[in-house]
Amino acid sequence: MLLVAASAAVLIAGVAAGDVAAVVASGHRAQLAADAVAHAAAGALAADPDRAGLSIEVQAGRTVCSRTGPGASGDEPVACAAAWAAAGQASTASGAVILDLAVGPDLRDMRPGSGPGRLTVLAHVAVARRLIAPGRCRPTPPGPRPDRLCWAEAWSGAQEAG
Amino acid sequence: MRRPGWLPLVAAVLVALAAAATMVALRAEPAVAMTQARLSAAGRALRPVVHGDRLAGARPDWALVIDAWRRAGVDVDGLDGFATLGRYCVLESGDRPGLAGGPAPADYAMYQDQAGDWRLGMFVSSSEVVVWDEARQRAVRVERPALDGSVPLPPGDAAPVRRGAHELLLCRLPSWRWPGRVDDLDTAAVGRVALVDPATVAERLRWAVRHPRDADTSWWHAPVTMVGFALAAASELVSGAIDGLLHLGIDAVRAAGGGAVLAAVALLGRRFDGHVLHLVLRGVLIAGALVVEPWLVGALLAVGVGGPLLGRADVPVLGVIGDRVSALLVASASFITGLLTGVDDRGDVCAGSVVFALLADTVLWAKPLRLLRFAGTLSDVVSMRPRAVAAAARMVARLPLLAGRRLPALPGAVTVAGKAAAVREPLDGIGVLSAGAGHTPDLLSLLWRPSSLRSDLAGHTAALLDFATRDLAGGDPSWGLRHLRDAVDSLQPEQQQRVLAVARRAQGTWVPRALRAAELSRLHSGARVLANAAAGRAPAGLAMPSMPHPGTLPPGLAPPPLTGEP
Chain A
50 MLLVAASAAV LIAGVAAGDV AAVVASGHRA QLAADAVAHA AAGALAADPD
100 RAGLSIEVQA GRTVCSRTGP GASGDEPVAC AAAWAAAGQA STASGAVILD
150 LAVGPDLRDM RPGSGPGRLT VLAHVAVARR LIAPGRCRPT PPGPRPDRLC
200 WAEAWSGAQE AG
Chain B
3 MRRPGWLPLV AAVLVALAAA ATMVALRAEP AVAMTQARLS AAGRALRPVV
53 HGDRLAGARP DWALVIDAWR RAGVDVDGLD GFATLGRYCV LESGDRPGLA
103 GGPAPADYAM YQDQAGDWRL GMFVSSSEVV VWDEARQRAV RVERPALDGS
153 VPLPPGDAAP VRRGAHELLL CRLPSWRWPG RVDDLDTAAV GRVALVDPAT
203 VAERLRWAVR HPRDADTSWW HAPVTMVGFA LAAASELVSG AIDGLLHLGI
253 DAVRAAGGGA VLAAVALLGR RFDGHVLHLV LRGVLIAGAL VVEPWLVGAL
303 LAVGVGGPLL GRADVPVLGV IGDRVSALLV ASASFITGLL TGVDDRGDVC
353 AGSVVFALLA DTVLWAKPLR LLRFAGTLSD VVSMRPRAVA AAARMVARLP
403 LLAGRRLPAL PGAVTVAGKA AAVREPLDGI GVLSAGAGHT PDLLSLLWRP
453 SSLRSDLAGH TAALLDFATR DLAGGDPSWG LRHLRDAVDS LQPEQQQRVL
503 AVARRAQGTW VPRALRAAEL SRLHSGARVL ANAAAGRAPA GLAMPSMPHP
553 GTLPPGLAPP PLTGEP
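Quick note, the sequences are listed as chains A and B, same order. The first sequence: position 77 = 126 (the working numbering), numbered continuously. The second sequence: position 467 = 469 (the working numbering), numbered continuously.
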């Protein structure tokens with residue numbers, strides 16, 4: 050009996066330790082993924098030929114490139130597609146899922162007499178924790194607010210320097 | 003005095019020098035900004051990818067690339083086959099770079115498909131190529147490794163079918179084909195990107211969304227801004243006055259033990275999900291219309307149902323038209339349903355909106371009493387803008403919030419995508435009232451839109467004229483005009499005839515003409531609303547944003563709407 054109890058305790062402690070490690074590691078991975086996604090999207094926007102138009106759009110408050118559905122809307126600026134494509138590649142490479150991506154203007158360029166300016170990107174991603182203990186985690190996050198037990202969330206921002 | 007003979011020569015030289023200087027000063031700028039031409043071509047090639055445009059023709063990929071170049075000012079004369087385009091291509095290998103500096107936007111790639119036909123793609127960045135996907139019959143953007151087969155593709159990703167991994171040619175147009183005969187490969191517009199604190203970015207994003215900027219820099223920008231500032235200041239004054247009056251009124255109601263009244267108004271502020279109810283009501287509306295007008299509504303219904311089917315079947319022309327017409331019909335049906343019932347296709351329909359819309363409908367259909375001719379005018383005002391009244395009701399429905407001295411903290415403007423609310427803005431009753439009163443000028447503008455001011459003036463003036471002259475002109479006797487009738491009867495016969503002639507003229511000519519003009523103007527206004535509804539945009543007259551520019555932030559970033567429930 051004592052042996053069984055000790056074995057169970059060791060097993061439970063091992064699983065718990067593994068889960069703790071998974072939680073910590075997934076948080077770190079999520080932060081790295083968010084950084085990568087934000088950086089990739091900002092980089093894509095910096096190189097996009099339509100970034101000037103997008104800059105004017107976001108300065109006028111008409112769009113932030115956010116998508117509520119799976120695809121792009123018909124009136125989405127062309128540059129948003131580039132940002133989402135780059136962000137999607139970065140998130141796939143990082144094993145993360147993009148929960149949201151918002152593009153905004155750089156306040157340094159929102160001054161009178163100035164036209165298009167730099168852009169800033171805010172990315173919110175989720176990474177599966179892959180816990181050892183059996184649970185009811187879904188393979189994909191169910192919505193903009195995934196289960197925090199199963200998914201580690203992180204967000205990051207990037208902007209053009211200079 | 004005789005002038006020296008060399009004076010005309012000096013003058014001619016001076017004129018020539020001045021002309022030369024003028025020519026130099028006003029000469030056309032040389033086309034050196036070739037980066038812009040390249041980016042323009044690449045951007046043009048991207049558009050069919052993003053918008054899903056259909057491309058026709060036997061070789062849509064060739065048409066796509068060459069058209070993008072042509073629109074960017076490239077000399078595309080003779081670029082119509084492999085013999086001409088292939089001569090600018092190189093085959094990249096490990097020890098020999100394909101293109102100097104790597105592919106740049108507007109460079110192109112050529113590869114053979116499985117049938118052996120040469121396909122054309124355009125680089126839109128150093129690593130991405132826009133190509134034609136034969137299977138999906140649309141232009142797609144693929145990574146270059148997916149095209150040249152240098153790396154295995156992840157599961158689910160499909161590359162355009164190629165014959166082999168070594169047929170991808172990297173190509174660059176000669177410089178003389180670019181505008182100005184100069185090809186500038188400098189794409190250094192790409193700046194450095196740095197990671198920054200997301201909370202700071204979110205805060206700035208919130209500020210930017212709340213302070214949208216008109217990026218127009220034309221000369222009238224400053225005057226318009228000044229006028230806008232003056233109007234905003236006037237609005238603030240009006241808002242402050244209304245704020246104070248409302249506050250006094252609420253205090254008086256509360257002091258008089260009017261808690262029940264406030265509670266009743268609170269019911270108007272309750273919200274519910276209107277999607278299903280809207281769907282049902284729309285169906286009832288269509289069914290009712292079908293009973294009343296079976297042929298007309300039946301035909302519209304057939305178009306509404308058949309249009310999307312034609313669109314899905316990719317029927318040319320008719321498919322596109324049918325799809326759009328169907329969307330317009332559905333949007334119109336939704337608009338009329340919301341107009342009549344106040345139940346929008348939204349998730350937060352306000353009960354007060356529904357009640358006031360139904361009341362407005364009652365006024366519209368019943369036109370009760372007719373004791374005063376003004377009743378007709380009043381019903382016009384209400385019936386033409388029931389939704390504006392409903393919007394006003396939303397603000398009224400918020401008044402019960404004042405019953406509490408301090409409300410629970412409402413989530414602030416920034417709750418960044420699941421992050422715990424970075425900012426919380428506790429609002430008390432005064433704050434809520436101020437926020438509501440700030441919209442009062444907007445509400446007034448909804449009731450009396452500047453765009454319809456002329457039609458309103460014409461309509462109401464005509465109604466007044468009708469009210470004053472109908473009795474005199476021998477029409478229905480008007481209530482309350484006995485004194486006017488007596489006054490006219492007391493005039494001299496000649497003057498009396500003159501007044502009556504004017505009244506008859508007004509009744510026969512002026513009033514109908516003015517009423518017709520007013521109705522036409524209102525129809526135009528309504529058409530604009532319908533067009534907006536069909537286009538999926540919230541008509542200005544149908545929405546009262548609780549915060550500036552709602553919907554411009556993603557769901558996780560958007561501030562929650564102020565509701566009538568604490």
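We put the beta carbon where it would ideally sit given N, CA and C, even for glycine.
CB contact flag (residue i, residue j, <7 Å)
i: L93(B); j: L171(B); result: yes
i: A71(A); j: R178(A); result: yes
i: D155(A); j: Q208(A); result: yes
i: R73(B); j: R46(B); result: yes
i: V176(A); j: A82(A); result: yes
i: G276(B); j: V332(B); result: no
i: V356(B); j: V345(B); result: yes
i: L283(B); j: T339(B); result: yes
i: A151(A); j: S205(A); result: no
i: V299(B); j: A291(B); result: yes
i: D99(A); j: A139(A); result: no
i: P105(B); j: L41(B); result: no
i: D347(B); j: S334(B); result: no
i: A90(A); j: R194(B); result: no
i: A201(A); j: G76(A); result: yes
i: G309(B); j: G324(B); result: yes
Host beta strand (DSSP E) of residue i (start-end)
i: S205(A); result: 200-209
i: L122(B); result: 120-125
i: Q114(B); result: 110-114
i: L171(B); result: 171-173
i: A141(B); result: 140-145
Where residue i falls, given that 16 or more other Cβ within 10 Å makes a residue buried
i: L66(B); result: buried
i: P176(B); result: exposed
i: Q139(B); result: exposed
i: I105(A); result: buried
i: Q499(B); result: exposed
i: G510(B); result: exposed
i: P514(B); result: exposed
i: G83(B); result: exposed
i: V293(B); result: exposed
i: T112(A); result: buried
i: R396(B); result: The predicted position of R396(B) is uncertain, since its pLDDT is 47 and thus under 50; a value taken from the coordinates is nonetheless stated next. R396(B) comes out buried.
i: W71(B); result: buried
i: P402(B); result: Annotation note: pLDDT 42 at P402(B) (below 50); position unreliable, coordinate value reported separately. Buried, since its Cβ has 16 or more Cβ neighbours within 10 Å.
i: L9(B); result: exposed
i: T471(B); result: buried
i: S453(B); result: Its pLDDT being 48, under 50, S453(B) is placed unreliably by the model, and nothing is read from it.
C-beta neighbour in chain C for residue i, strict 7 Å
i: A142(A); result: This model lacks chain C altogether; the protein chains it does include are A and B.
First through last residue of the alpha helix (DSSP H) which encompasses residue i
i: G102(A); result: 100-108
i: G59(B); result: Taken as a continuous stretch (DSSP letters only), G59(B) belongs to no alpha helix (DSSP H), as it is neither H nor E.
i: V198(B); result: Per DSSP, V198(B) belongs to no alpha helix (DSSP H); it is in the beta strand (DSSP E), 195-198.
i: V501(B); result: 495-507
i: V127(A); result: 127-143
i: T169(A); result: Taken as a continuous stretch (DSSP letters only), T169(A) belongs to no alpha helix (DSSP H), being part of the beta strand (DSSP E) at 168-177.
i: T112(A); result: No alpha helix (DSSP H) holds T112(A); DSSP gives it neither H nor E.
i: L101(B); result: That residue, L101(B), is in no alpha helix (DSSP H); it is neither H nor E in DSSP.
Pick from the options that is closest to residue i, judged by C-alpha positions
i: A39(B); options: L9(B), D79(B), D109(B); result: D109(B)
i: S127(B); options: A62(A), S140(A), G92(A); result: G92(A)
i: R143(B); options: A79(A), V113(A), A134(A); result: A134(A)
i: V174(A); options: L103(A), D99(A), R116(A), D84(A); result: D84(A)
i: R212(B); options: A142(A), S140(A), V107(A); result: V107(A)
i: R487(B); options: L474(B), Q497(B), G261(B), A353(B); result: L474(B)
i: W64(B); options: V133(B), P105(B), E295(B); result: V133(B)
i: P200(B); options: A130(A), G102(A), M50(A), G153(A); result: G153(A)
i: R602(B); options: G354(B), V286(B), I68(B); result: For residue 602(B) there is no data in the structure shown, the boundaries of chain B being 3 and 568.
i: L466(B); options: F125(B), V286(B), A505(B), H485(B); result: A505(B)
i: R49(B); options: V53(A), L51(A), V64(A), A130(A); result: A130(A)
i: A117(B); options: E136(B), V131(B), A111(B), E130(B); result: E136(B)
i: R570(B); options: M112(B), E130(B), I68(B); result: Coverage of chain B is limited to positions 3 through 568, which leaves residue 570(B) absent and any answer about it impossible.
Distance cut-off 6 Å: residue i Cβ against heavy atoms of the ligand FAD
i: L198(A); result: The ligand FAD is not part of the structure shown, which contains no ligands of any sort.
Alpha helix (DSSP H) runs wholly inside the segment 287-349 of chain B, at least 4 long, in chain order: Counting whole runs of 4 or more residues, the segment 287-349 of chain B contains the alpha helix (DSSP H) stretches 296-314, 320-343.
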